[in-house]
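Chemist:
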Amino acid sequence: MSSTVDKILICILTPLSWLYGFVTWVRNKLFDAGVFKEEVFDVPIVSVGNLTVGGTGKTPHVEYIVDHLSTRYRMAVLSRGYKRSTSGFLLANSLSTPSSIGDEPMQIYRKYGMVAKIAVCENRSKGIKELLRLFPDLELIVLDDAFQHRWVKPKVSVLLMDHNRPVYKDKMLPLGRLREGASATNRADMVIVTKCPEDMLPIDYRIQKKELALMPYQQLFFSRYHYGEPTPVFPEDNPYHVSLSSLTSADSVFLLTGIAYPRSFVRYFRNFSCKVKVAHYPDHHDYSRSDLEEIRNRFKELKGARKIIVTTEKDAMRIAYNPYFPTELKKFIFYIPVNVKFINMLDETDFLESLVANIEKNPLNQQQSVSRSSDEGVS
């Protein structure tokens, strides 16, 4: 940043960032000292979260855990249901919508509602108690986006960090994107560097490992996104099959995104020979009638032998339930499924084995680990 305006903003935001950092530091110290009490449950809790605001891949990683562990445990996923129109505890069911439970829980429910219970509640402790009341045979609960929710003590804490925005290069809100200082990484049992390039070099592993400087009791893994083939958002109105590899320079793709950091998604489409136009909206954006009218007009202006609209899996949840989405566009809009892959098969095996081992370790070993973490300077 070199402009005068940027320098003024830095001067204004820096003390606010220091203040925010001090408040979060005090809060964590109160938890560490036992002034604020962390509630412990008999059922194992796996927390999946991050230190930054949005965009690290929490939902795909939660789905990965559900996909691989739902055959081993009777499990549930509990989210706060960000930007939903309701409040309190809600259990996802066939009548749920992105508006009632949130777009990300809706996405998880649509994919895994047959093998796991999906619920939302702002108060995670109350949500866990309600899940256990309704389903006393639950053997595992996964908390989505709960790294900062310290009122519940997880059995395993999984922390995600975007490869493209490492926490050690970021700053506290509002100057940067950090919810907590980078030292809070020490609370995690397992750290996953997400959105890594498929051709990641050994030197990149070493740099990330050195900069993170994890404690001996912590484990480090690296994952990437695997994008699937376009899938109709409205399958009943769209019988067509489109393969990305079949797109040519004569075709046009209109990318529609309402996610925090669409760069990886957009960059993926730059690998194909088709012409690409992008319309980006804020994260969790609720598309209005005027938004959709603008999208329709922009799509009509595209030139190409074939024209399609491609959106993210999370956006597809909101669009599929949007009453204002133009009928004439339904046969043209697709979403790209996203799956998590670890950089190599060894990492994938190690992650799952380590996660299960952490879930099943006895409370005494867990307490010893917590004590050792505190002795080594965990904040």
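Residue numbers (my numbering): 466 to 844.
Positions of the beta carbon are idealized from the N, C-alpha and C atoms, including for glycine.
Taking DSSP as the reference, what is the three-state secondary structure of PRO525?
Modeler: Position 60 of the sequence shown, counted from the first residue, corresponds to residue 525. In the structure shown, PRO525 sits in a helix (DSSP, three-state: H, G or I).
Chemist: Measure the C-alpha to C-alpha separation of PRO695 and SER708 and round it to an integer number of angstroms.
Modeler: Along the sequence shown, read from residue 1 onward, the residue named residue 695 stands at position 230. Along the sequence shown, read from residue 1 onward, the residue named residue 708 stands at position 243. In a straight line, the C-alpha of PRO695 is about 7 Å away from that of SER708.
Chemist: Which whole-angstrom value is the C-beta distance of ARG642 and VAL518, which I expect to be below 8 Å?
Modeler: Here residue 642 corresponds to residue number 177 of the sequence shown, with the count starting at 1. Here residue 518 corresponds to residue number 53 of the sequence shown, with the count starting at 1. With a Cβ gap of about 5 Å, ARG642 and VAL518 count as contacting.
Chemist: Would you tell me roughly how many angstroms separate the C-alpha atoms of GLU841 and MET680, rounded to the nearest one?
Modeler: For the purposes of this step, residue 841 is taken as residue 376 along the sequence shown, with counting starting at 1. For the purposes of this step, residue 680 is taken as residue 215 along the sequence shown, with counting starting at 1. Its pLDDT being 36, under 50, GLU841 is placed unreliably in this model, and the value from its coordinates should be taken loosely. Spanning the two alpha carbons is a distance of roughly 8 Å.
Chemist: Comparing alpha-carbon positions, which option in MET540, TYR538, ARG549, PHE797 lies nearest ILE760?
Modeler: Position 295 of the sequence shown holds residue 760. Here the closest residue by C-alpha is PHE797.
Chemist: Please list the terminal residues of the continuous beta strand (DSSP E) segment that includes MET680.
Modeler: The count along the sequence shown starts at 1 and reaches residue 680 at position 215. Taken as a continuous stretch (DSSP letters only), MET680 belongs to no beta strand (DSSP E), as it is neither H nor E.
Chemist: Quick check for students: name the residue ranges of the beta strand (DSSP E) that lie wholly in the segment 733-801, counting only runs of 3 or more.
Modeler: Counting whole runs of 3 or more residues, the segment 733-801 contains the beta strand (DSSP E) stretches 740-745, 772-777, 798-801.
Chemist: Keeping to the same chain, check which residues put their C-beta closer than 6 Å to that of GLY723; ignore five residues upstream and five downstream.
Modeler: The count along the sequence shown starts at 1 and reaches residue 723 at position 258. Once the five neighbours on either side are set aside, the close Cβ partners of GLY723 are TYR746, HIS750, ASP780.
Chemist: Do you know how far the Cα of ILE583 is from the Cα of LEU556?
Modeler: Position 91 of the sequence shown, counted from the first residue, corresponds to residue 556. Position 118 of the sequence shown, counted from the first residue, corresponds to residue 583. In a straight line, the C-alpha of LEU556 is about 6 Å away from that of ILE583.
Chemist: Give me the Cα-Cα distance between GLU595 and TRP483, rounded to the nearest whole angstrom.
Modeler: The residue you call residue 595 lines up with position 130 of the sequence shown. The residue you call residue 483 lines up with position 18 of the sequence shown. Rounded to whole angstroms, GLU595 to TRP483 spans 38 Å at the Cα level.
Chemist: With DSSP run on the structure shown, which of helix, strand or coil describes THR713?
Modeler: In the sequence shown, counting from the first residue as 1, residue 713 sits at position 248. Here THR713 sits in coil by DSSP.
Chemist: Have a look at LYS636 and ARG575 and give me their C-alpha separation to the nearest angstrom.
Modeler: By 1-based counting over the sequence shown, the position of residue 636 is 171. By 1-based counting over the sequence shown, the position of residue 575 is 110. So the two alpha carbons sit approximately 36 Å from each other.
Chemist: Note down the Cα distance separating GLN832 from ALA647, rounded to an integer number of angstroms.
Modeler: Looking up residue 832 in the sequence shown gives position 367. Looking up residue 647 in the sequence shown gives position 182. Low confidence applies to GLN832: its pLDDT is 43, below 50, so where it sits in the model is not reliable enough to give any reading.
Chemist: Can you look up ILE808 in the DSSP assignment and give me helix, strand or coil?
Modeler: One-based indexing of the sequence shown puts residue 808 at position 343. DSSP places ILE808 in coil when its eight states are reduced to three.
Chemist: Roughly how many whole angstroms lie between the Cα atoms of ARG539 and ALA653?
Modeler: As a first step, residue 539 is located in the sequence shown; it is residue number 74 there, counting from the start. As a first step, residue 653 is located in the sequence shown; it is residue number 188 there, counting from the start. Looking at the two C-alpha atoms, the distance is approximately 24 Å.
Chemist: Between which two residues does the beta strand (DSSP E) harbouring THR489 extend?
Modeler: Residue 489 sits at position 24 when you count from the first residue of the sequence shown. Note, THR489: premise wrong, no beta strand (DSSP E); alpha helix (DSSP H) at 469-497.
Chemist: Report buried or exposed for THR713, applying the criterion of at least 16 other Cβ atoms within 10 angstroms of its Cβ.
Modeler: For the purposes of this step, residue 713 is taken as the residue at position 248 of the sequence shown. Its Cβ having fewer than 16 others within 10 Å, THR713 is exposed.
Chemist: Does the beta-carbon distance from TYR733 to TYR692 come in below 7 Å?
Modeler: Looking up residue 733 in the sequence shown gives position 268. Looking up residue 692 in the sequence shown gives position 227. Contact flag set, yes.
Chemist: Return the CA-CA distance between TYR485 and LEU638, expressed in angstroms with no decimal places.
Modeler: Taking the first residue of the sequence shown as position 1, residue 485 is located at position 20. Taking the first residue of the sequence shown as position 1, residue 638 is located at position 173. When rounded, the distance between both Cα atoms is 7 Å.
Chemist: With DSSP as the reference, identify every bridge partner of GLU504, one or two as the case may be.
Modeler: For the purposes of this step, residue 504 is identified with residue 39 of the sequence shown, where counting begins at 1. Bridge partners of GLU504: VAL617.
Chemist: Please state whether the Cβ-Cβ distance between ASN703 and TYR752 is less than 7 Å.
Modeler: Looking up residue 703 in the sequence shown gives position 238. Looking up residue 752 in the sequence shown gives position 287. Not a contact, by the Cβ cut-off of 7 Å.
Chemist: Hey, out of LEU757, GLU793, PHE686, PHE816, whose CA is closest to LYS674's CA?
Modeler: Taking the first residue of the sequence shown as position 1, residue 674 is located at position 209. With distances taken between Cα atoms, LYS674 lies closest to PHE686.
Chemist: Could you give the residue range of the alpha helix (DSSP H) that holds SER512?
Modeler: Locating residue 512 in the sequence shown gives position 47, counting from the first residue. Not the alpha helix (DSSP H): SER512 falls in the beta strand (DSSP E), residues 510-515.
Chemist: Anyone know if the C-beta pair for PHE719 and ILE774 falls short of 7 Å?
Modeler: Sequence index remark: in the sequence shown, residue 719 carries index 254 (1-based). Sequence index remark: in the sequence shown, residue 774 carries index 309 (1-based). Yes.
Chemist: Excluding the 5 residues preceding and the 5 following TYR705 in the sequence, name in chain order all residues of the same chain whose CB lies nearer than 8 Å to its CB.
Modeler: Taking the sequence shown and counting its residues from 1, one reaches residue 705 at position 240. Same-chain partners within the cutoff: PRO697, LYS796.
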